[in-house]
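Before any comments, here is the structure.
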Amino acid sequence: MKGLLILLLIGLRNAENEACSTYCHFNLQPLCAYDEHGDAKYFGNECMLEVANCKRIKEKLPALYKVTQGDCSQAYK
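In mature numbering (1 follows the signal peptide of the UniProt record, and there is no 0), the protein residues as written are -15 to -1, 1 to 62.
In structure tokens, the structure reads:
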């Protein structure tokens, strides 16, 4: 478990030094994710969420986490 944590931290550290991808395909596969404050964020697909998380890591913010596939209003149902 300790080794896995170290690898994760190394991966996050490397992600801080690399440029975030800005290209995502336009296949609409909406999903809802939440930030550290519990605020819902809507993304057109998984790639767009990954790009947002890459930028958040660079800004030293916690990653968003996916809650549900589809509209954010479905997350509460």
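Glycine included, C-beta positions come from ideal geometry on N, C-alpha and C.
If we count the other Cβ atoms within 10 Å of its Cβ and call it buried at 16 or more, is residue i buried or exposed?
i     : result
Leu46 : exposed
Asn38 : buried
Gly23 : exposed
Would you grab the beta carbon distance between residue i and residue j for me? Rounded to a whole angstrom, and I think it's under 8 Å.
i     : j     : result
Leu34 : Leu13 : With 8 Å as the limit, Leu34 and Leu13 do not qualify as a contact, their Cβ atoms being about 13 Å apart.
Cys5  : Lys40 : 5 Å
Tyr27 : Val52 : Actually they are not in contact, since the Cβ atoms of Tyr27 and Val52 sit about 11 Å apart, beyond 8 Å.
Residues in its own chain within less than 7 Å of residue i by CB, not counting five upstream and five downstream?
i     : result
Leu57 : Reading off the sequence, residue 57 comes out as Cys, not Leu. So the list reads Cys17, Ala25, Tyr27, once near-sequence residues are dropped.
Val36 : Cys5, Ser6, Thr7, Cys9
Just to confirm my understanding: we take residue i, look at its own chain, exclude 5 residues before and 5 after, and list those with CB closer than 8 Å. What are they?
i       : result
Ile(-6) : Residue confidence for Ile(-6) is low, a pLDDT of 49 falling below 50, so the modelled location carries little weight; the figure read from the coordinates is stated next. Closer than 8 Å at the Cβ level, and outside the excluded window around Ile(-6), lies no residue.
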